[in-house]
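In my numbering, the protein residues as written are 1 to 267. Yeah, the Cβ is synthetic: ideal placement off N, Cα and C, and Gly gets one too. What follows is a set of notes on a single structure, which appears directly below.
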């Protein structure tokens with residue numbers, strides 16, 4: 001939450017002079033977790049509602065397939081000061097099975113998108129590329145790498161990751177992973193995914209932030225930040241270092257291990 005919020009605040013500081021702003025979270029979860037921790041959308045909405053004027057600039061789209069989670073989120077949102085002034089708020093409980101029904105964004109509107117699904121569902125490459133066709137759209141994606149750790153034989157990945165990779169990309173992944181050690185596999189898979197969603201898009205500055213499982217030190221997931229402004233990307237890279245235990249020249253950080261890891265070749 002703190003990492004995504006830091007990215008949102010940097011984005012907001014640069015774009016808040018624009019008349020129309022968008023915040024989209026299609027896997028938003030409850031407003032408050034059982035231990036009392038505020039969820040990411042609630043913290044972001046608090047920033048949006050810092051003033052009545054700012055709230056009036058925002059269109060907000062929130063979705064979670066759990067009706068209970070969405071009800072809790074709505075209750076939490078209602079308690080945010082200036083929440084009633086948000087220009088438009090759409091909340092829904094769709095299962096996100098059909099990405100063609102997901103929201104689009106006008107190309108002249110600045111938007112911040114957070115896609116944090118459980119597993120792979122919701123990471124549809126075509127939808128992400130559709131959003132990135134808007135040069136004013138920035139996003140944070142949760143890339144659940146732990147799913148790859150359970151495969152001893154990469155031939156088993158057939159039929160599982162079609163939303164993320166083409167058949168040709170999956171074939172390249174299988175061939176590469178059969179011939180190279182684990183850390184190179186991880187780098188190749190992530191680079192392949194980043195290229196598949198950003199290739200041909202305008203000004204995509206990609207910053208990955210890595211999380212590791214404490215006991216095994218295997219990668220559990222990445223937060224992938226896609227920033228459309230070079231100066232802001234540099235600011236975000238510096239900000240992310242404050243959350244990192246381990247830092248390298250490629251801006252791939254671990255929050256669990258101080259042991260060196262091979263850098264990712266992601267620009």
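Inset, instruction - Look at the Cβ atom of residue 82, then the Cβ atom of residue 47, and state whether they are nearer than 7 Å. - result: Not a contact, by the Cβ cut-off of 7 Å.
Inset, instruction - State buried or exposed for residue 183, treating a residue as buried only when at least 16 other CB atoms are found within 10 Å of its CB. - result: Residue 183 comes out exposed.
Legend entry - Contiguous alpha helix (DSSP H) assignments of at least 4 residues, all confined to the region 27–72: Counting only runs of at least 4 residues, the region 27–72 fully encloses the following alpha helix (DSSP H) elements, listed from N- to C-terminal order: 40–48 and 52–55.
Legend entry - Sequence-distant residues of its chain with Cβ nearer than 8 Å to residue 203 (five each side left out): If we look at residue 203 and ignore the five residues flanking it on each side, its Cβ neighbours are 135, 228, 229 and 230.
Legend entry - Simplified DSSP state of residue 146, which is helix, strand or coil: It is helical.
Inset, instruction - Would you tell me roughly how many angstroms separate the C-alpha atoms of residue 186 and residue 78, rounded to the nearest one? - result: Spanning the two alpha carbons is a distance of roughly 42 Å.
Inset, instruction - Enumerate in chain order the residues of its own chain whose CB-to-CB distance from residue 57 is below 8 Å, with the five nearest sequence positions on each side excluded. - result: Excluding sequence neighbours, residue 57 sits near 16, 18, 19, 20, 21 and 87.
Legend entry - Cross-strand partners of residue 207 (DSSP beta bridge): Beta-bridge partners of residue 207 (DSSP): 225.
Inset, instruction - State the Cα-Cα distance for the pair residue 62 and residue 178, rounded to the nearest angstrom. - result: Straight-line Cα distance between these residues: approximately 40 Å.
Inset, instruction - Check each candidate in 144, 143, 164 and 112 and name the one with the smallest Cα separation from residue 127. - result: Each of 144, 143, 164 and 112 was checked against the Cα of residue 127, and the nearest Cα belongs to 164.
Inset, instruction - For residue 64, count neighbouring Cβ atoms within 10 angstroms of its own Cβ and tell me buried if that reaches 16, exposed if not. - result: A residue is called buried when at least 16 other Cβ atoms come within 10 angstroms of its Cβ; residue 64 meets this threshold and is buried.
Legend entry - Classification of residue 173 by the beta-carbon crowding that lies within 10 angstroms, buried from 16 upward: If you draw a 10 Å sphere on the C-beta of residue 173, you find 16 or more other C-beta atoms in it, and that means buried.
Legend entry - Beta-carbon separation (whole angstroms), residue 142 vs residue 223, contact threshold 8 Å: Between residue 223 and residue 142 the Cβ distance is about 6 Å, and since that is below 8 Å, they are a contact.
Inset, instruction - Could you spell out where the alpha helix (DSSP H) holding residue 193 opens and where it closes? - result: Element bounds for residue 193: 182–198.
Legend entry - Pairwise C-alpha distance: residue 192 and residue 209: The straight-line gap from Cα to Cα measures roughly 16 Å.
Inset, instruction - Taking residue 218 as the reference, give the member of 146, 89 and 240 with the closest Cα. - result: It is 146.
Legend entry - Cross-strand partners of residue 173 (DSSP beta bridge): Per DSSP, none; premise fails for residue 173.
Legend entry - For residue 138: DSSP bridge partner residues: DSSP lists 112 as the bridge partner or partners of residue 138.
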